[in-house]
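Oh and the sequence shown: position 66 is 66 in the UniProt record's numbering, straight run, nothing missing.
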Amino acid sequence: MSVRCFRCVGWGHMARSCRDPLKCWHCGKLGHCSAFCKTAIEAINALSERRVEATKASRGAIQGEPRRPGSSKSVHTVWSPELATREEKFSRSLLLIW
């Protein structure tokens, strides 16, 4: 098993014995660690914005925009004896806790 340095991202040594400059795990540039990487922060912000837009679109939050066909939130429940038994055991275990 090889050891990897958290300082320079090199192999075969540990950070405590490393004399190389600090190197980012995300972008590979020298002088900063991944916690302070501007490239990583920009990527996270862009991903967050895309998630917000996707959530708004799926909920129909934008006024006047109809919901997409097939995006109904209907739930189909199927009863099975196994499921009923598991639910009974679970509810009994909750009663024992209280």
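Ideal placement from N, C-alpha and C gives every residue a C-beta, glycine not left out.
Inset, instruction - Enumerate in chain order the residues of its own chain whose CB-to-CB distance from W25 is below 7 Å, with the five nearest sequence positions on each side excluded. - result: V9 and S34
Inset, instruction - State the Cα-Cα distance for the pair T39 and E53, rounded to the nearest angstrom. - result: Rounded to the nearest angstrom, the two C-alpha atoms are 21 Å apart.
Legend entry - Residue environment, S17, which counts as buried when at least 16 other CB atoms sit within 10 Å: exposed
Inset, instruction - Name the one or two DSSP bridge partners that L30 has. - result: K23
Inset, instruction - Indicate the three-state DSSP secondary structure (helix, strand or coil) for S2 in the structure shown. - result: coil
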